[in-house]
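Quick notes on the structure that follows.
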Ligand code: PLP
């Protein structure tokens, strides 16, 4: 594969941008390659500056559930731009977006827009701490909630790939208020509450952990979290930045039947523009400025272009529930295809899938906890990634990420992917 232009750009980028990238996983470091630079994308395909095309299973890490540059989503955007790119005072489309989110999530009475998932979780914690007048929070090892100080403790995603349990620059004084528990282990949560009686403001969690591959909550785990937070007077914060509008239109709360106190959103609600949001019960949300004392603001929050695109994305999903069935069907096809290959090649690998979310782990199953995930053979994953890239398939450039499907992926894409997966796995397990 020719990637001369990408290589040149990377050299140039490294002079001006730390590591040449604006988000660490994009550097392809953990798979031992230089990054490809993208020129354009459409549907399930992404095209690099050297003219190579790939079936894309990154899909911008989740926002593009309808594929790249979906005509219905981008339609009319020029007209919106012509009316101005940001006003600094309210616009009607912000109300449309808030209504869509509130209607989709029964636990959300009110919602505040921000610019990223990181801002959503960071602001949700501030609100939870203020509401409960408590300092401590509980999070889970391997769950990633963005890069704010309190949450960058034993996080997943890039922080896991780069082996940074807690980043330098995060003060001890902040970390001491973050208690880390084990995903799918209620005993660890009970102990944390016992050891910190009356001090825990909130438990924040990913209802399907999507930043250490895909780890599915065991029966009773979410119910256990809901019960213990109620008993202990702490808030339950469901980080649905990935699962919201992806696992189903009503997110993980619809699928697992629970109501969080605060829910965090991102990705799909912005359709690829920079957006996040957090919402919850009225009595909690009314603590936010300007009606309450908890300050949180944003120059570009509720940006009209982002709201326009996001509303289009959500309306498409709301009016076409078949999209979810289609994506789940493809995920099952991949799961079954991979399981057949794993059996045939007799290799130590396994697939975790729930609805349309899935991941191939390079470790013997089952994978239920962070420790299970850490058994993965990342060297073999690198070989797999490189083989797939050469075959024109862009997989997540790290083992600890889910595969992102969209409604734009076709049966042919899936069939071709499985054929190439078999070849790449053969090579990786050589
Ligand atoms: N929460 C979850 C579950 C995420 O997956 C991410 C990002 O991948 C974030 C929060 C942070 O979102 P952002 O990257 O938009 O800041």
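Residue numbers (UniProt numbering): 1 to 430.
The C-beta atom is built at its ideal place from N, Cα and C for all residues, glycine as well.
- DSSP links residue 354 through a beta bridge to 357.
- Per DSSP, reduced to three states, the secondary structure at residue 288 is strand.
- By the 16-neighbour rule on beta-carbons within 10 angstroms, residue 23 is exposed.
- Going by beta carbons, residue 105 and residue 263 fall inside the 8 Å limit.
- Annotation: residue 267 to residue 176 spans about 30 Å, alpha carbon to alpha carbon.
- Beta bridge pairing from DSSP links residue 273 with 271.
- Residue 263 has its Cβ no nearer than 7 Å to any heavy atom of the ligand PLP.
- Between the region 201-217 and the region 252-260 there are three or more inter-stretch CB-CB distances shorter than 8 Å, so the stretches are counted as touching.
- When the alpha-carbon of residue 242 is set against those of 235, 236, 265, the nearest one is in 265.
- Here residue 393 carries a strand assignment [DSSP, helix/strand/coil].
- Ranked by Cα distance from residue 273, the first of 128, 392, 306 is 306.
- In the three-state reduction of the DSSP assignment, residue 53 falls in the strand class.
- Residue side-chain check: residue 141 keeps its Cβ at 7 Å or more from all non-hydrogen atoms of the ligand PLP.
- Secondary structure at residue 242: coil, using DSSP grouped into helix, strand and coil.
- In the structure shown, residue 129 adopts helical secondary structure according to DSSP, grouped into three states.
- Separation of the CB atoms of residue 202 and residue 235 is rounded to 4 Å, and the pair is thereby assigned contact status at 8 Å.
- In the displayed model, residue 59 falls within a helix according to three-state DSSP.
- In the three-state scheme derived from DSSP, where H, G and I count as helix and E and B as strand, residue 6 is classed as helix.
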